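Notes for the one structure printed next.
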Amino acid sequence: MRKRKIVSLPIILISFFIDLQPALATVPESTPLFRVDRFNILVLFIVFCAVVLLYIRSARKGKEFFIRKINGLEAIEEGVGRATEMGRPVLFIPGIDELDEIQTIAGLSILSRVAKITAQYSTPLMVPVNYPLVLAAAQESIKGAYLDAGKGDDYKPEMAQYVAGEQFAFVAAVHGIMHRDKPATNVYMGAFYAESLLLAEEGQASGAIQIAGTANPEQLPFFIAACDYTLMGEELFAASSYLSKEPLMLGSLKGQDWMKILLVICILLGVIFETLNIGGGFFYKLFIEH
Amino acid sequence: MKTQFNIAIAFLSGFIMILAFFSANPGIVNFSQNLLTWVTIVGGISLLLGIVSILKVNLKAIQARGKDWIFKLVLVLFVLGMSVCGIIWGIEEKTPFDWLFQNIQSPMMSTMFSILAFFIASAAYRAFRARTLEATILLITAIIVMLGRTPLGQAIWDKLPTYADWIMAYPNLAVQRGIIIGAALGAAAMSLRILLGIERTYMG
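Just so you know, the sequences run in chain order Z and W. Residue numbers for the first sequence follow the numbering used here, so the first one is 18 and each next one is one higher. Residue numbers for the second sequence follow the numbering used here, so the first one is 110 and each next one is one higher.
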């Protein structure tokens, strides 16, 4: 398997090159290399990378960072413990989007941490997904977590299963799982849409402890109404770092916080300058026009 | 070695997409578009993986005569039945596949979606119980917004829609933007962690 992957690397690189050649050959000489209209985003991107990398460097040197308590994440271990005591499974849904959605990746990172806890407690884990690529990633994630916990033999590929490709067929399948297997803890982490309330209300009716997290602001009220704990927006992306407690991951969170402060300052300056009509519309051009 | 290889691929792909975002060079932009096409192709092929997963899990349960195995049998029969219909007669209008989709799958999905109305009512009942000061504020705000968006609200008080619009356009939008900015920064930091290989739990 490993040999096959090593062999495939040069093939991928060569195909990259072959793919690029005809496209580069047709480029007119006058075509600019850089999009000037995106200069402001580039500046923000460079500053953001610099701040995050700086904090990662500090973390590498051994500096410790304080991260505020996130109740929803603290409740995960409690939820798995409850499921173990009741002899029921833990249900984890990493959203209903494809693997190219960053929220799905955040969900899979949290899945890895949850799977490690279920492996330690020998609690059954169920992960229904609605995209085959997410299925493969979820299976790898769970397998890695079980191996890390020293419970490789307990891992079963069926822990993650592809149940349906359609949104509401997926909901029907998950409702079936909730009815039949009565999971004691339901964890929803990732991108959710109209199905958020359908899943959370059914879980609520089945008496499970529910922990949800999404960065889709339209779905947050539904999760807040139906779940015991809800991670809002950035908390979803911070969850993996929070649960891992690894200094490098926590360092990037700190960098992100500083960036937020910088943006708040920019917004305040923008409001003041634009209200007083100072600066010839600099902030308007910077944030609105481009 | 396996992890290093995966991280290298993730870094390379991410770097090309960033480059394409800031570049006006058609070569780089086309190349990034080709990469996205690759993703679509890989996604399409991986559907087979999904079908294998469905058949494996459900056939096992049917063989073992597990709980509610009869439903699993119906599922397997329809997975195979729709696939066979699609392969033999195609998926155009007035084919068996289209008939199955229009008369079985589509009404079932509509039914699932319509259940949402009942779930909204039960969730709203729990959320709007005025047990604390915050819940009471939420209840009053919800009444203003909901009534303000209906003809009945306008009939009760003609200024109600104006107040409902104000709540949606200012306090509600301000909070939403706060969440969106936070989430966008979180997503960017996570992407950076993935590109640098710091975040690798999703790889197993």
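For each residue, glycine too, the CB sits at the ideal point set by N, CA and C. No experiment lies behind these values; they were computed from the predicted model shown.
CB contact flag (Ser155 of chain W, Leu150 of chain Z, <8 Å): In this structure, Leu150 of chain Z lies closer than 8 Å to Ser155 of chain W by Cβ.
Thr259 of chain W, DSSP secondary structure in three states: Residue state, collapsed to three classes: coil.
Alpha-carbon spacing of Pro49 of chain Z relative to Ala133 of chain W, whole angstroms: Their backbone Cα atoms lie some 6 Å apart in a straight line.
Contact the region 143-152 of chain W vs the region 72-85 of chain Z: 3+ CB pairs below 8 Å: Cβ pair count under 8 Å is below three, so no.
Interface partners of Asp117 of chain Z on chain W, CB under 7 Å: The answer, in chain order, is Val148.
Residue range of the unbroken alpha helix (DSSP H) whose run includes Val288 of chain Z: Element bounds for Val288 of chain Z: 264-292.
Three CB pairs or more closer than 8 Å across the region 130-141 of chain Z and the region 97-109 of chain Z: Enough Cβ pairs lie closer than 8 Å, so yes.
Residues that Gly104 of chain Z contacts on chain W, provided the C-beta gap is smaller than 8 Å: For Gly104 of chain Z, no chain W residue has a C-beta closer than 8 Å to its own C-beta; the minimum C-beta separation is roughly 15 Å.
Nonlocal neighbours in the same chain, by C-beta distance under 8 Å from Gln221 of chain Z, ignoring five residues either side: Within the same chain, and ignoring the five residues on either side of Gln221 of chain Z in sequence, the residues whose Cβ sits closer than 8 Å to its Cβ are Gln227, Ala243, Cys244.
Beta carbon proximity, Ile249 of chain W to chain Z, threshold 8 Å: So, not an interface residue.
Inter-stretch contact (C-beta, 8 Å, three-pair minimum) for the region 272-280 of chain W and the region 260-278 of chain Z: No, the region 272-280 of chain W does not touch the region 260-278 of chain Z.
Any C-beta of chain W under 8 Å from that of Glu291 of chain Z: Cβ-Cβ to chain W under 8 Å: no for Glu291 of chain Z.
Chain-order list of residues whose beta-carbon lies under 7 Å from that of Arg99 of chain Z (same chain, five-residue window excluded): Beyond the five residues adjoining it in sequence on each side, Arg99 of chain Z comes within less than 7 Å, by CB distance, of Ala201, Thr202, Ile226 in the same chain, given in chain order.
8 Å Cβ cutoff met for Ala177 of chain Z and Ala136 of chain Z: No, the pair does not count as a contact, with Cβ atoms beyond the cut-off.
Nearest neighbour of Ile213 of chain W, chosen from W:Met191, W:Ala226, W:Ile197, W:Ala232 [CA to CA]: Residue W:Met191 holds the alpha-carbon nearest to the alpha-carbon of Ile213 of chain W among W:Met191, W:Ala226, W:Ile197, W:Ala232.
Residues that Ile246 of chain W contacts on chain Z, provided the C-beta gap is smaller than 8 Å: Those do not exist, as Ile246 of chain W stays about 14 Å from chain Z at its closest Cβ, beyond 8 Å.
Residues bridged to Ile307 of chain W (per DSSP): Paired residue(s): none; Ile307 of chain W is not in a bridge.
Cβ distance (whole Å) where Ile119 of chain Z is taken to contact Tyr205 of chain Z below 8 Å: Contact between Ile119 of chain Z and Tyr205 of chain Z is ruled out by a C-beta separation of about 16 Å, above the 8 Å threshold.
For Ser269 of chain Z and Val68 of chain Z, the rounded distance between their alpha carbons: Counting only the Cα atoms, Ser269 of chain Z lies some 8 Å from Val68 of chain Z.
Exposure of Gln156 of chain Z, with buried meaning 16 or more beta-carbon neighbours within 10 Å: Classification of Gln156 of chain Z: buried, given that the 10 Å Cβ count is 16 or more.
Separation of Ile196 of chain W from Leu209 of chain W, as counted between CA atoms: The alpha-carbon separation between Leu209 of chain W and Ile196 of chain W amounts to approximately 14 Å.
Where the alpha helix (DSSP H) through Pro238 of chain Z begins and ends: Segment 237-243, the alpha helix (DSSP H) holding Pro238 of chain Z.
As assigned by DSSP and simplified to three states, the class of Ile87 of chain Z: In this structure, Ile87 of chain Z counts as coil in the three-state DSSP scheme.
Beta-carbon gap between Ala132 of chain Z and Ala256 of chain Z smaller than 8 Å: Not a contact, by the Cβ cut-off of 8 Å.
Neighbourhood of Thr231 of chain Z by C-beta, 6 Å cutoff - its chain only, sequence neighbours within 5 removed: Excluding sequence positions up to five before and after Thr231 of chain Z, its CB lies within less than 6 Å of the CB of Phe209, all in the same chain and listed in chain order.
CB contact below 8 Å: Thr271 of chain W versus chain Z: For Thr271 of chain W, the nearest beta carbon of chain Z is not closer than 8 Å to its own beta carbon.
Min CB distance Lys80 of chain Z to chain W below 8 Å: Output row for Lys80 of chain Z: interface = no.
Contact with chain W by Glu94 of chain Z, beta-carbon distance below 8 Å: Chain W contact via Cβ: absent.
Pair within 8 Å by beta-carbon distance, Gly159 of chain W and Tyr179 of chain Z: Yes.
Ala255 of chain Z: CB within 7 Å of a non-hydrogen atom of the ligand SAH: Absence of the ligand SAH is noted for the structure shown, with no ligands found whatsoever.
For Ala296 of chain W and Glu251 of chain Z, the rounded distance between their alpha carbons: Inter-residue distance for Glu251 of chain Z and Ala296 of chain W is about 7 Å (C-alpha atoms, whole angstroms).
Alpha helix (DSSP H) segment containing Thr121 of chain Z, residue limits: Unbroken alpha helix (DSSP H) run through Thr121 of chain Z: 119-138.
Under the three-state DSSP convention, the category Ser25 of chain Z falls into: Only weak support is given to the placement of Ser25 of chain Z: the predicted model assigns it a pLDDT of 45, under 50, and the value that follows is read from those uncertain coordinates. The answer is helix: DSSP assigns Ser25 of chain Z an H, G or I state.
Short Cβ contact (8 Å threshold) for Gln236 of chain Z with Ser213 of chain Z: For Gln236 of chain Z and Ser213 of chain Z, yes; Cβs fall inside 8 Å.
Residues of the region 187-214 of chain W with Cβ closer than 8 Å to any Cβ of chain Z, in chain order: Those residues of the region 187-214 of chain W placed with their C-beta closer than 8 Å to a C-beta in chain Z are Gln214, ordered along the chain.
Per DSSP, cross-strand counterpart(s) of Met249 of chain Z: Note: Met249 of chain Z sits in a beta bridge opposite Z:Thr231.
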